[in-house]
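Take a look at the structure below.
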Amino acid sequence: MSTHNHVGILGAGAMGAGIAQVAATHGWTVTLMDLNSEIVEKAVAGIGKRLDRMVEKGRLDQADAEVTSTRIRFGSRPQDIEDCSLLIEAVIEDLDAKAQALSPLVAAATDELIIATNTSSLSVTEIGQRLGAPERTCGMHFFNPAPIMKLVEIISGQQTDPLVTDRVATIADSWGKHVAKAADTPGFIVNRVARPYYLEAFRCLEDGLASVELIDDTMKSLGGFRMGPFELTDFIGHDVNTATTRTVWSQWKEPSRLMPSRMQEELVSSGQLGRKTGRGAYDYQGDSPIVALLPGKEAATIHAGELDPIQRFTQKASRGSDDPVQQIVFARILCALMNEALWAKADGVATEQDIDTAMKYGVNYPRGPFEWMADTGREYTAEAMKSLESMTAAGRFIPPA
Ligand SMILES: NC(=O)c1ccc[n+]([C@@H]2O[C@H](COP(=O)([O-])OP(=O)(O)OC[C@H]3O[C@@H](n4cnc5c(N)ncnc54)[C@H](O)[C@@H]3O)[C@@H](O)[C@H]2O)c1
102 MSTHNHVGIL GAGAMGAGIA QVAATHGWTV TLMDLNSEIV EKAVAGIGKR LDRMVEKGRL
162 DQADAEVTST RIRFGSRPQD IEDCSLLIEA VIEDLDAKAQ ALSPLVAAAT DELIIATNTS
222 SLSVTEIGQR LGAPERTCGM HFFNPAPIMK LVEIISGQQT DPLVTDRVAT IADSWGKHVA
282 KAADTPGFIV NRVARPYYLE AFRCLEDGLA SVELIDDTMK SLGGFRMGPF ELTDFIGHDV
342 NTATTRTVWS QWKEPSRLMP SRMQEELVSS GQLGRKTGRG AYDYQGDSPI VALLPGKEAA
402 TIHAGELDPI QRFTQKASRG SDDPVQQIVF ARILCALMNE ALWAKADGVA TEQDIDTAMK
462 YGVNYPRGPF EWMADTGREY TAEAMKSLES MTAAGRFIPP A
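Read in my numbering, the sequence shown has 217 at position 116, and its numbers run on one by one without any break.
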C-alpha cells in the first residue's frame, strides 16, 4: 500500500476503535496503539463483532469484512507508524497525557506527518505547540459512535497550515463523512450550538411553563427532532451533559445564554444521571419510562401582545400547534438554538453552512439553524426573539449586533 493510506491511531478506547473501523472500512491500513496490546486486542475484537453484525444485516459482504479486519494491526513503537501520512490521537481527555503519548511518535516521524487530535474540549493550538508542530496539528473531531455518526469537525489551530486542514477534510470526506470546518474555540460547533436544546428545556421546566413530557413531545412533534431534550439528556447522562455545559460556559466567559441549569445540576448531585442509573428526568424502572421530574413552581405569566410574534414564528417554523404553551416552549428552545448559532458565527467559530452541516450530522437536527431561520424568515425570528427576551428578561435571546 502507498504511504498515503496508512493511518496511525493512538488510543484504542471507544473513539479510537470506532475511528479505526471507519478508516479500515474505507481501505486504509490502520496501526492502532494504546498503553498495551491487550487494550488493542479488545478493540479489534469489538470491531470484528460490529463488522459481523453488518454482514448479518446484509450491509457488508463477508469478504469485505474479512479484508477490513486484516487492515488493522497493533503498534507500539514509533517505527510502526513511520510510513503513516496521518496520526489520529484519541487518548483520554488530558493535555499532559495526550502530549506525553504523542511526543515520541512525532519526534521519530518525518515533518510530513499530519497530527489530528480527537479532543472535544482541549485547545488544538496548545496540543500542537506542546508537540513543537503547531502548523501540522489540527482537530479531527469524530462523534460517538464514530462508524455511525456522519460528522467530522475539522479544527484549525491558530497556526495550522490551511493545506493540512484541507488534506484532512479530503480524507474525512473519502471516509464517507460530512465535514464542518471550525476554529479552535470552546465546544467547536456542535458541543456549543447544541447547548440551548438542553438548557432552554430545563429553563422552561424551572419556570413552570410545561411538563417534561410536554416539552419532549413539542420538540418532536412540532420540530421533527428525533428525541426530546429530556429523553436525550437522560440517554447522554446528566453528568456528561452538565460537564460539557460547564466547560463551554466557563471557557466562553460565562454568558447567561449558556449558564448551567440549577435543576439539571441537582439531578447530578442526587445521582439521578439518566438511563444508566435508572432515573433522570424519567424513571426507567418499570416497563415504560414515567416522568420523574416536576416543573418548578414559579407560574409563568404571559402578557398580552407578547404571544403574537411567538405564534407567527411557530406557525412558520414548525408543523403547528394551537396550544400557546407548546408554541412558547417550541419558540424558546428553537430561538435559543438559532441565537447560539448566530453568536457562534459572530465569534468566528464557523460559517453558516458549516454550522448547519454540523448540527444536521453531528446531532441529527432536522434542519440546520441558519436554513431554519431562512425558511422561517429572519424578520419573524427577530420579532420572536425580542418577545421572548421581554418574557424571560435573562439576556438569552439577544442576538449579536
Ligand atoms: N466518547 C465520546 O463521546 C467522545 C466523542 C468525541 C470525542 N471524544 C474524545 O476522544 C478522546 C478519547 O475518548 P474515548 O471516549 O475514546 O475515551 P476512552 O477512555 O474510551 O479511551 C481512551 C484510551 O486512551 C488510552 N490511553 C490513555 N493513556 C494513553 C497513552 N499514554 N498512550 C496511549 N493510549 C493511552 C486508554 O488506555 C484508553 O484506551 C478524548 O479526547 C475525548 O474527549 C470522545
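From the three backbone atoms N, C-alpha and C, an ideal C-beta is built for every residue, glycine too.
Being a predicted model, the structure only gives us computed values, none of them experimental.
TODO: Pick helix, strand or coil for E183, following the three-state DSSP scheme.
DONE: Reduced to three states, the DSSP call for E183 is coil.
TODO: For ligand 1, enumerate in chain order all residues having a CB closer than 7 Å to any of its heavy atoms.
DONE: Counting every residue whose Cβ lies closer than 7 Å to a heavy atom of ligand 1, we get L111, G112, A113, G114, A115, M116, G117, M134, D135, L136, I140, A191, V192, I193, E194, A198, Q201, A202, N219, T220, S221, S222, H242, F243, F244, N245.
Open item on the list: Across the stretch 110-125 and the stretch 236-255, are there enough close Cβ pairs to call them in contact, namely three or more that are closer than 8 Å?
Closed with: Touching, yes.
Task: DSSP bridge partner residues for S257 (one or two, in chain order) - done: Partner(s): C239, A284.
TODO: Quick one: residues in its chain with C-beta nearer than 6 Å to the C-beta of M492, no 5 flanking neighbours on either side, listed in chain order?
DONE: Contacts found: E407.
- [ ] Inspect the beta-carbon positions of V280 and A273 and report whether they are closer than 9 Å.
- [x] Their beta carbons are under 9 Å apart, which means V280 touches A273 by this criterion.
Open item on the list: Starting from R174, trace the beta strand (DSSP E) in both directions and tell me its first and last residue.
Closed with: Counting along the chain, the unbroken beta strand (DSSP E) around R174 starts and ends at 173-175.
Open item on the list: Please report the straight-line C-alpha distance between F289 and V450, rounded to a whole angstrom.
Closed with: Distance from the CA atom of F289 to the CA atom of V450, rounded to whole angstroms, is 7 Å.
TODO: Report the partner residues of Y383 according to the DSSP bridge assignment.
DONE: Y383 is bridged to V392.
Task: Nonlocal neighbours in the same chain, by C-beta distance under 7 Å from T104, ignoring five residues either side - done: A caution first: T104 carries a pLDDT of 44, below 50, which makes its placement in the model unreliable, though a value can still be read off. Only D184, S186 meet the Cβ criterion.
Open item on the list: Between which two residues does the alpha helix (DSSP H) holding I337 run?
Closed with: Boundaries of the alpha helix (DSSP H) harbouring I337: 330-337, taken from the DSSP string.
Task: Pair within 9 Å by beta-carbon distance, S44 and V341 - done: The shown model of the chain, from 102 to 502, leaves out residue 44, and the question about it has no answer.
Task: Neighbourhood of V487 by C-beta, 8 Å cutoff - its chain only, sequence neighbours within 5 removed - done: One detail in the question is off: residue 487 reads as Lys in this sequence, not Val. Shown here for K487: same chain residues with a beta carbon closer than 8 Å to its own, the five before and five after excluded, namely P410, F498 in chain order.
Open item on the list: What residue range does the alpha helix (DSSP H) around I403 cover?
Closed with: If you look at I403, you'll find it isn't in any alpha helix (DSSP H); DSSP assigns it neither H nor E.
TODO: Give the C-beta separation of K377 and G338 to the nearest angstrom, bearing in mind that I take them to be a contact with Cβ-Cβ under 8 Å.
DONE: Right, their Cβ atoms sit about 6 Å apart.
Task: For A217, the residue or residues it bridges with in DSSP - done: A217 has I189, C239 as its beta-bridge partners, per DSSP.
Open item on the list: To the nearest angstrom, how far is the alpha carbon of D476 from that of A483?
Closed with: Distance between the alpha carbons of D476 and A483: 13 Å.
- [ ] Whole angstroms is fine: what's the gap from G147's alpha carbon to C305's?
- [x] Those two C-alpha atoms are separated by around 41 Å.
TODO: List in chain order: all unbroken alpha helix (DSSP H) runs of 4+ residues lying wholly within the stretch 402-455.
DONE: Listed in chain order, they are 408-418, 425-447.
TODO: Tell me, please, which residues DSSP counts as bridged to A131.
DONE: Here residue 131 turns out to be Val, not Ala, going by the sequence shown. Per DSSP, V108, I173.
Task: Residue interval of the alpha helix (DSSP H) (run including P205) - done: For P205, the uninterrupted alpha helix (DSSP H) run begins and ends at 196-209, by DSSP.
Task: Inter-residue Cα distance where the pair is H127 and R151 - done: About 15 Å.
- [ ] Can you say whether P263 is buried or exposed, counting buried as having 16 or more other CB atoms within 10 angstroms of its CB?
- [x] Flag for P263 reads exposed.
Task: Cβ shell of G176 (< 7 Å), same chain only, five flanking positions each side left out - done: Exclusion of the five residues before and after G176 leaves G109, T132, L133, M134, I182 as the residues of its chain whose Cβ lies within less than 7 Å of its Cβ.
TODO: Measure the C-alpha to C-alpha separation of T319 and P361 and round it to an integer number of angstroms.
DONE: The C-alpha of T319 lies about 22 Å from the C-alpha of P361.
Task: Three-state class that DSSP yields for G478 in the structure shown - done: In the structure shown, G478 adopts coil according to DSSP, grouped into three states.
- [ ] State the DSSP-derived secondary structure class of L223, mapped to helix, strand or coil.
- [x] L223: coil per DSSP, three-state reduction.
Open item on the list: Once DSSP output is grouped into helix, strand and coil, what is the label at G375?
Closed with: Under the three-state reduction of DSSP output, G375 falls in the strand class.
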